[in-house]
Amino acid sequence: MGRGKIAIRRIDNSTSRQVTFSKRRNGLLKKTKELAILCDAELDNRKAFHDWFSKPFQIDTPAKAY
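Structure representation (structure tokens):
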């Protein structure tokens, strides 16, 4: 039995939104590390990936920065 589906929409409560963002960001960073280990890949841009998630989100940030 898995988790239920959630509706992908903006979270109105700013505190809940920040908590959700932090948890998902940490999950993505964990998956990145795991994938690097499994594939024996070096991720020199892991810091850049982390920096991108640390900044306030902007639609054009990834394309311009990386």
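Each number in this note's numbering corresponds to the 1-based position in the sequence shown with 37 added. Glycine is no exception: its CB is placed at the ideal position from the N, C-alpha and C atoms.
Measure the C-alpha to C-alpha separation of residue i and residue j and round it to an integer number of angstroms.
i           : j          : result
residue 39  : residue 78 : 31 Å
residue 56  : residue 76 : 30 Å
residue 103 : residue 64 : Because residue 103 sits at a pLDDT of 47, beneath the cut-off of 50, its placement in the model cannot be relied upon, and the following sentence gives the value as read from the coordinates. Between residue 103 and residue 64, the C-alpha separation is close to 21 Å.
residue 47  : residue 74 : 33 Å
residue 61  : residue 41 : 16 Å
residue 70  : residue 58 : 18 Å
residue 51  : residue 45 : 16 Å
residue 80  : residue 54 : 28 Å
Of all Cβ atoms in chain B, is any one closer than 8 Å to the Cβ of residue i?
i          : result
residue 51 : Of the protein chains in this structure there is only one, and it is not chain B.
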